[in-house]
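Counting from 278, one number per residue, gives the positions in the sequence shown under this note's numbering. Heads up, the beta-carbon is just placed ideally off N, CA and C, and yes, glycines get one too. Following: one structure in structure tokens, then a few remarks.
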Amino acid sequence: LAYDSHAHAAHGSRQHGSIVRGMAEVLSYRNTWILLITPIGVAGAILTFAGLWGVPYLRQVHGLDTRTAAAITSLLLIAWAVGGPVLGALSERLGRRRPLYVWTTAAALTGWLVVIFAPIPIWLLIVTLLFTGLVSGNLIIGFAFAKESVPARLMGTASGICNMGPLLGGMLLQPAVGWVLDAHWLGATVGGARVYDAAAYQAGFSLMAGCLLVSLCLIPFAKETACQQSS
């Protein structure tokens with residue numbers, strides 16, 4: 278007689294149950310939710326502007342050619358990449374996560390408000406975008422903050438969950454801004470492509486600022502870890 282072995286199935290079932298329990302435990306920490314939601318605004322604004330709407334905005338509102346507009350958005354992404362390790366190291370040096378996360382998020386919000394609403398010259402717009410990209414690198418602080426907020430055995434799970442925040446930001450804000458732009462479209466086209474005026478972009482980009490404001494309001498409620506692993 279032959280019998281099927283269920284050893285592997287039982288092991289797989291136990292492993293799946295362990296993963297689910299780990300996720301549930303991580304989600305029971307307040308910091309997990311705060312540090313998942315916060316990057317939606319911070320990263321979402323960068324990805325929405327640099328990844329989709331920044332080039333047409335710079336062309337249609339500021340009169341730049343496509344190559345120059347693309348170069349500016351690329352510089353924004355470079356500043357974002359540089360800001361991560363710089364702010365992460367600064368946070369380690371200070372020995373605290375929350376204060377720097379709050380101030381840099383406030384700085385990012387201020388930068389976007391200037392970009393969206395202030396009638397500034399191109400050179401100052403570029404400087405403001407670079408500054409905004411740099412301080413938006415504070416995502417690194419959030420990732421470290423999230424890992425320290427749970428016991429060491431749950432660090433990987435916490436990282437995985439909180440890493441979804443930036444992805445959700447781009448995924449949600451890019452089409453949302455497009456929807457607002459379409460709602461404010463006055464009917465102008467160039468070469469079959471829709472052209473939006475400054476007021477339409479201000480309305481659309483206000484969503485980015487609104488999400489950043491939510492992020493800024495949430496961070497103070499996160500429990501400080503003092504750069505130490507939770508026990």
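query = What three-state label does DSSP hand Ser282 in the structure shown?
reply = With a pLDDT of 49 at Ser282, under the threshold of 50, the predicted position of this residue should be treated as unreliable, though the coordinate-derived value follows. It is coil, neither helix nor strand.
query = When the Cα atoms are used, what is the spatial distance from Ala453 to Ser483?
reply = C-alpha separation (whole angstroms): 11 Å.
request  = Grab me the residues of Gln337's own chain with a C-beta within less than 7 Å of its C-beta, minus the 5 sequence neighbours each way, in chain order.
outcome  = Taking C-beta separations shorter than 7 Å and ignoring five residues to either side along the sequence, the partners of Gln337 in its chain run Val472, Tyr473, following chain order.
query = By Cβ distance, which residues of its chain are closer than 7 Å to Ser507, with the 5 residues on each side in sequence left out?
reply = Counting only Cβ-Cβ distances below 7 Å, and skipping sequence neighbours, we find Glu425, Ser426, Val427, Pro428.
request  = Could you check the C-alpha separation between Tyr378 and Ala475 for me, to the nearest Å?
outcome  = Cα to Cα, Tyr378 sits roughly 31 Å from Ala475.
query = Should Ser413 be labelled buried (16 or more other beta-carbon atoms within 10 Å of its own) or exposed?
reply = With 16 or more other Cβ atoms within 10 Å, it is buried.
ask   = Does the pairing of the region 352-368 with the region 438-447 give three or more beta-carbon distances under 8 Å?
value = They do not touch, by the three-pair rule.
message = At the level of alpha carbons, what is the spacing between Val319 and Ile417?
response = Val319 and Ile417 have their C-alpha atoms spaced approximately 11 Å apart.
inquiry  = For a quick check, are the C-beta atoms of Val303 and Ala435 less than 8 Å apart?
reply    = Yes.
ask   = Whose C-alpha, out of Gly455, Leu411, Ser295, is nearest the C-alpha of Val359?
value = Comparing alpha-carbon positions, the option among Gly455, Leu411, Ser295 lying closest to Val359 turns out to be Leu411.
inquiry  = Rounded to whole angstroms, what is the Cα-Cα separation between Leu463 and Ala477?
reply    = Spanning the two alpha carbons is a distance of roughly 9 Å.
inquiry  = Once DSSP output is grouped into helix, strand and coil, what is the label at Pro396?
reply    = Here Pro396 sits in coil by DSSP.
message = Going residue by residue through the region 415-472, where are the continuous alpha helix (DSSP H) segments of at least 4 residues, counting only ones entirely within it?
response = As far as the region 415-472 is concerned, its whole alpha helix (DSSP H) runs of at least 4 residues are 416-425, 432-439, 441-460.
ask   = Whose C-beta lies closer than 7 Å to the C-beta of Leu329 among residues of the same chain, with five residues either side of it excluded?
value = Gln451, listed in sequence order.
Rounded separation between Ala503 and Arg375 - CA only = For Ala503 and Arg375, the distance between alpha carbons rounds to 9 Å.
query = How big is the Cα-Cα spacing for Arg370 and Ala348?
reply = Arg370 and Ala348: Cα-Cα distance of roughly 33 Å.
inquiry  = Using the three-state DSSP reduction, which class does Ser295 fall into: helix, strand or coil?
reply    = Helix at Ser295.
message = Can you find the residues in the same chain that come closer than 8 Å, C-beta to C-beta, to Trp400, ignoring five residues on each side of it along the sequence?
response = Answer for Trp400: no residue qualifies.
query = From Gly469 to Val404, what distance separates their C-alpha atoms?
reply = Using only the alpha carbons, I get a separation of about 33 Å.
Pairwise C-alpha distance: Leu324 and Asn308 = In a straight line, the C-alpha of Asn308 is about 24 Å away from that of Leu324.
query = Rounded to a whole number of angstroms, what is the C-alpha to C-alpha distance between Ser351 and Ser295?
reply = Looking at the two C-alpha atoms, the distance is approximately 42 Å.
query = Hey, quick one: how far does the alpha helix (DSSP H) through Gly372 stretch, first residue to last?
reply = No alpha helix (DSSP H) contains Gly372, which DSSP labels as neither H nor E.
message = Which residue wins for smallest C-alpha separation from Gly331, given the options Leu354, Asn415, Val467, Gly419?
response = The option with the nearest alpha carbon to Gly331 is Leu354.
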